[in-house]
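Visitor:
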Amino acid sequence: MEKHKLKAEKRKIEGQKVKQLRGSGILPANVYGKDFKSLSVQLPIKDFLAAYKEAGETGVIELSVGEGEQHPVLIHNVQIHPVTGLPLHVDFHRISLTEKVKATVPVVMLGEALAVTQKLGLLLTPVSELEVEALPTDLPEKIEVDVTKLAEVGQEIKLVDLKLSAKVSLTADPEMVLAKIAELVTEEA
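Each residue of the sequence shown is one higher than the last, beginning at 6 in this note's numbering.
1) Would you say P87 faces chain D, with C-beta separation under 7 Å as the test?
2) Considering only the alpha carbon of each residue, which of I85, S133, V70 and T63 lies closest to L102?
3) Can you confirm whether the segment 105–121 touches the segment 133–148 when touching is taken to mean that 3 or more C-beta pairs between the two stretches lie within less than 8 Å?
4) Using the three-state DSSP reduction, which class does A194 fall into: helix, strand or coil?
5) For a test of your reading of the model: does the CB of I80 fall under 6 Å from any non-hydrogen atom of the ligand ZN? Yes or no.
6) Need the endpoints of the alpha helix (DSSP H) that G28 sits in, please.
7) Less than 6 Å between C-beta atoms, sequence neighbours within five positions excluded: which residues of the same chain meet that for F53?
8) Looking only at its chain, what residues have a beta carbon closer than 8 Å to the beta carbon of M181, apart from the 5 residues adjacent to it on each side?
9) So what does E157 bridge to, in DSSP terms?
10) Residues bridged to K15 by DSSP?
11) Rounded to a whole number of angstroms, what is the C-alpha to C-alpha distance between A118 and V158?
12) Below 8 Å CB to CB, which residues in the same chain sit around E188 once its five sequence neighbours on both sides are set aside?
13) Can you give the Cα-Cα distance for Q123 and H81, rounded to whole angstroms?
14) On the three-pair Cβ rule with 8 Å, is the segment 167–185 touching the segment 90–101?
In structure tokens, the structure reads:
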């Protein structure tokens, strides 16, 4: 697994004044965790965006604060500006590499369902992400679901049908439907 690194500095500016930081390309952030006193930090927005693109919310990042303090963290909460799409604030969750953590992982559908290509039905995908529990280094980047074998109306893929690593456990109901073929809607209906 690739290690991602970020450098941050302790932040002294609080409250409304953080707008000045953002204006100069600096992102305000917090580091928090179990048995860890919360820490206000700041880092360059461009560095954060590069690390976020690579690591996402499930990749472990080695966050160094100031002169040598290093923390293994997960990106937990990113507040995005509604117009510019740039991050306004981020929370880093400090973790222990030896304790299991819960994280939300995106679900990605692979292929095209046979029933859709033959125009027999519609593919419904009610779930876009799942919560998993694993050691931080074992967290999957995404969960892939192959829908190519869905050939008839009513066929479905449930959580129990997924083949995941034994190191990863799902916290949701095993009977949860991830993908299903529904009837085509006609103009008359």
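We treat Cβ as the ideally placed atom computed from N, Cα and C, and that holds for glycine. A quick note: this is a predicted structure, and the numbers were derived from the prediction, not measured.
Guide: Walking through what the data contain:
1) Of the protein chains in the structure, only one exists, and it is not chain D.
2) T63
3) yes
4) Any answer about A194 is weak, because its pLDDT of 45 lies below 50 and its placement is not dependable; what the coordinates show is given next. Coil at A194, not helix or strand.
5) In the structure shown, the ligand ZN is absent, as is every other ligand, since no ligand is present at all.
6) V23 to G28
7) L32
8) V132, K163 and L164
9) The partner list for E157 (beta bridge, DSSP) is empty, contrary to what the question assumes.
10) V46
11) 11 Å
12) G126, L127 and V158
13) 41 Å
14) no
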